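For the sequence shown, the positions run 2 to 164 when our numbering is used.
The beta-carbon is built from N, C-alpha and C at its ideal position, and this holds for glycine as well.
Only a predicted model underlies this, so the values are computations on that prediction, with no experimental measurement involved.
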Amino acid sequence: MNQSTDNSQQSAVSRVALYVLLFTLYVLLTACAQSSGELQPPNIAYGRDMCDACGMIISEARFAAATVMTDGKTYKFDDAGEMLTYHAKHPELQVRAWFVHDYNSQNWIPGSSAFYVVSKEIKSPMGTGIAAFTDKSAAATFAARFNTQALTFDEVRAAKPSM
2 MNQSTDNSQQ SAVSRVALYV LLFTLYVLLT ACAQSSGELQ PPNIAYGRDM
52 CDACGMIISE ARFAAATVMT DGKTYKFDDA GEMLTYHAKH PELQVRAWFV
102 HDYNSQNWIP GSSAFYVVSK EIKSPMGTGI AAFTDKSAAA TFAARFNTQA
152 LTFDEVRAAK PSM
């Protein structure tokens, strides 16, 4: 009878361990599913992928940009200014997320929260002269080199058609 009690205790412990393991797996999978729900910029094969606006090869990460539409379709651009011009000409496209690269780190950042420097002296692929930054102070420091100011996303969008 003592052996029977030991077996039932082991069985109970095994069941509890299995439930804990399953619950942990459920929590992890749920967390992963939620984080993967965040919109991500598309992968760009630099030197191979073409700009959706002009058809040129996208080759400079620091200037590359992208948008994700409400239907999930993505557009890739070789220049943030070209992205803005393209969408100004196509207001029927419903943009869900804007992405640009930080000029310094070349990492993708949300375009709507980036800070922008605009100057004809900035040699961007399509000549729009727009560089994006994660940090406002980095943008302001860069802007001072060109005797201009850092702009928000809304400000650069409003100014772009007249640039």
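Please report the residue range of the alpha helix (DSSP H) in which residue i lies.
i      : result
TYR87  : 81-90
ALA140 : 137-145
Return yes when the C-beta of residue i is under 6 Å from any heavy atom of the ligand MG, and no when it is not.
i     : result
ARG97 : With respect to the ligand MG, the structure shown offers nothing to examine, as it has no ligands at all.
In this structure, how does DSSP classify residue i when only helix, strand and coil are distinguished?
i      : result
GLU156 : helix
LYS124 : coil
LYS77  : strand
PHE64  : coil
CYS33  : Any reading at CYS33 is ruled out, since the residue's pLDDT is 45, under 50, leaving its predicted position unreliable.
ALA46  : coil
MET57  : coil
Rounded to the nearest angstrom, how far is the Cβ of residue i from that of residue j, given a contact under 8 Å?
i      : j      : result
GLN95  : THR71  : 4 Å
MET127 : GLU83  : 5 Å
ALA151 : VAL118 : 6 Å
THR153 : ASP80  : Contact flag wrong, Cβ pair sits at about 19 Å.
LEU40  : ALA115 : At roughly 15 Å, the Cβ-Cβ gap does not stay under 8 Å, so LEU40 and ALA115 are not in contact.
PRO111 : LYS77  : With a Cβ gap of about 16 Å, PRO111 and LYS77 do not count as contacting.
TYR87  : ALA46  : Their Cβ separation, rounded to whole angstroms, is 20 Å, which puts TYR87 and ALA46 out of contact at 8 Å.
Taking the beta strand (DSSP E) that residue i belongs to, which residues open and close that run?
i      : result
PRO111 : 109-111
ALA133 : 131-134
ALA98  : 96-102
TYR117 : 116-119
* Are three or more beta carbon pairs between the stretch 94-108 and the stretch 49-68 nearer than 8 Å? -> Yes: at least three Cβ pairs fall under 8 Å.
* **the stretch 52-60 touching the stretch 130-139, judged by at least three CB pairs closer than 8 Å** => Touching, no, given that fewer than three Cβ pairs across the two stretches are closer than 8 Å.
* contact_flag[the stretch 120-132, the stretch 143-150] where n(CB pairs < 8 Å) is 3 or more -> The answer is yes - the stretch 143-150 touches the stretch 120-132, with three or more Cβ pairs under 8 Å.
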